[in-house]
Amino acid sequence: MKSRINFAGVTIAALCLAGQASAADVRSLAGSTTLSGVVTDAIVQGGLSDRLTYQGGGSGAAETALVNKQQALAPMSRGLKPEALASVQSSGFSVIDHVIALDGVAVLAHSSNKLSQVSLVDLQKIFSCSVTRWEDLSGSGLNGSIAVYVRDEASGTTDAFKALAGIKAFGSCVKVVSESDDIANATNTNDLAIGYAGLSSKRENNLMLAVSRDGQSPILPTVANIRAKTYPLSRELHIFVADGGFKPSSDEQALLEKLLDRSFLDPIVQDHGFVTVD
């Protein structure tokens, strides 16, 4: 009886160690939270989930991991920053940029809001907190303090939004959240809220505002407008790939091949509410 118990115990311990080893063999990739669903689905549908997993963390996390040679693929919802490119070059490798999808940074409010459009100047005032009450924005039909929601500075969506809207810095009135879904949920439930997120984050009670450049007509983030880049907050979604002195591992290369296969990836891109590349 004693030998049986010992045998069983050894077997269980061995199985536990095997499970730990198997889990340790799964590579975790940092990257844009906007692209989380797309990359995760590509991993799963591509049969790579026993080798790779996607942790997200923001475009900044992917950029840092790429610069530090911790991963050779960087899924990002913005371009590489100049200082990151300089670090890459000084480290003896180069980077190839693959645009895998298009997106619009949507300006979201609650469906009870009577606004149908907002200008880039209005966005600058709202997110810098120089305008803090809805009654100071003509046409909102609301009274009360504007609840302004933003992503943190590690977010590629934040970088894209600030650059495209011409916002140098957020004001002290903003509420910082970690995920685009948090913004979508806030603007879905709070009639005084406004924020920004990728198109895929829109909820049932979200109002998606048309955006206008100075003196121009307001444009909605439709597929046609994003593809034509007439929507002012249109952006590209990227996979940056190390090349030269630092290259993808076999697992990363297998994922890259899936991400660059349009017949494989385009249905995933569309399922997540993004726009396919022409």
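For what it's worth, the working numbering labels the leading residue of the sequence shown as 21, then goes sequentially.
Idealized CB from N, CA, C, for every residue including glycine.
Kindly list the residues whose CB is nearer than 8 angstroms to the CB of residue i, restricted to its own chain and excluding five residues on each side of it in sequence; keep chain order.
{"i": "N160", "result": "The sequence given here places Ser at residue 160; Asn does not occur at that position. These residues qualify, in order along the chain: N133, K134, L135 and W154."}
{"i": "V151", "result": "D142, K145, L157 and I166"}
{"i": "H130", "result": "T207, N208, T209, N210, D211, L212, A213, N225, N226 and L227"}
{"i": "I239", "result": "A230, V231, S232, N245, T250, Y251 and P252"}
{"i": "D234", "result": "S139, L140 and V141"}
{"i": "R16", "result": "In this structure the chain extends from 21 to 298, so residue 16 is not present and cannot be described."}
Report the residue from the options whose alpha carbon sits nearest the alpha carbon of residue i.
{"i": "F181", "options": "A167, S158, S148 and R223", "result": "S148"}
{"i": "V46", "options": "K249, S52, G57 and G67", "result": "G67"}
{"i": "G191", "options": "L184, T177, D172 and K101", "result": "D172"}
{"i": "Q65", "options": "T296, P287, G186 and V170", "result": "P287"}
{"i": "R71", "options": "S270, F284 and P241", "result": "S270"}
{"i": "R223", "options": "H292, E103, K188 and T84", "result": "H292"}
{"i": "L285", "options": "S69, A85 and I120", "result": "I120"}
{"i": "L100", "options": "A248, D179, Q90 and G57", "result": "D179"}
{"i": "V125", "options": "D281, A185 and H118", "result": "A185"}
{"i": "A62", "options": "Y74, T53 and T296", "result": "Y74"}
{"i": "D123", "options": "A248, D263 and R282", "result": "A248"}
{"i": "K278", "options": "S69, S52 and T53", "result": "S69"}
{"i": "T242", "options": "T296, V87 and V115", "result": "T296"}
Just to check my reading of the structure: residue i and residue j have Cβ atoms closer than 8 angstroms, yes? What is that Cβ distance to the nearest angstrom?
{"i": "F294", "j": "S198", "result": "Rounded, the Cβ-Cβ distance is 21 angstroms, inconsistent with contact."}
{"i": "A217", "j": "L128", "result": "6 angstroms"}
{"i": "V170", "j": "V194", "result": "5 angstroms"}
{"i": "G78", "j": "G176", "result": "7 angstroms"}
{"i": "V58", "j": "V289", "result": "6 angstroms"}
So, at 7 angstroms on beta carbons, what are the nonlocal neighbours of residue i in its own chain, with the 5 sequence-adjacent residues on each side left out?
{"i": "L93", "result": "L49, I259, V261, P268, E272, L275 and L276"}
{"i": "L55", "result": "P95, S97 and L257"}
{"i": "G80", "result": "A174"}
{"i": "L280", "result": "H118"}
Can you name, in chain order, every residue of its own chain whose Cβ lies under 6 angstroms from the Cβ of residue i, other than the five neighbours on each side?
{"i": "G265", "result": "G112 and F113"}
{"i": "S42", "result": "Confidence at S42 is low in this model, with a pLDDT of 49, below 50, so the placement of that residue should be treated as unreliable; the coordinate-derived value is given next. Nothing meets the Cβ criterion."}
{"i": "H91", "result": "First, the residue type needs correcting, since residue 91 is Gln and not His in the sequence shown. Within the same chain, Q91 has close Cβ partners L49 and A85."}
At least 3 beta-carbon pairs within less than 8 angstroms: the region 203-218 vs the region 101-115: no
Would you list, in sequence order, the uninterrupted alpha helix (DSSP H) runs of no fewer than 4 residues that lie entirely inside the region 142-205? For the region 142-205, whole alpha helix (DSSP H) runs of length 4 or above, ordered along the chain, are 176-185.
Jot down the residue ranges of each uninterrupted beta strand (DSSP E) in the region 46-98, minimum 3 residues, whole runs only, in chain order. 47-51, 72-77 and 93-96
Can you list, in chain order, the stretches of the beta strand (DSSP E) that have 3 or more residues and sit fully within the region 219-273? Within the region 219-273, the complete beta strand (DSSP E) runs of at least 3 residues are 226-228, 230-232 and 254-264.
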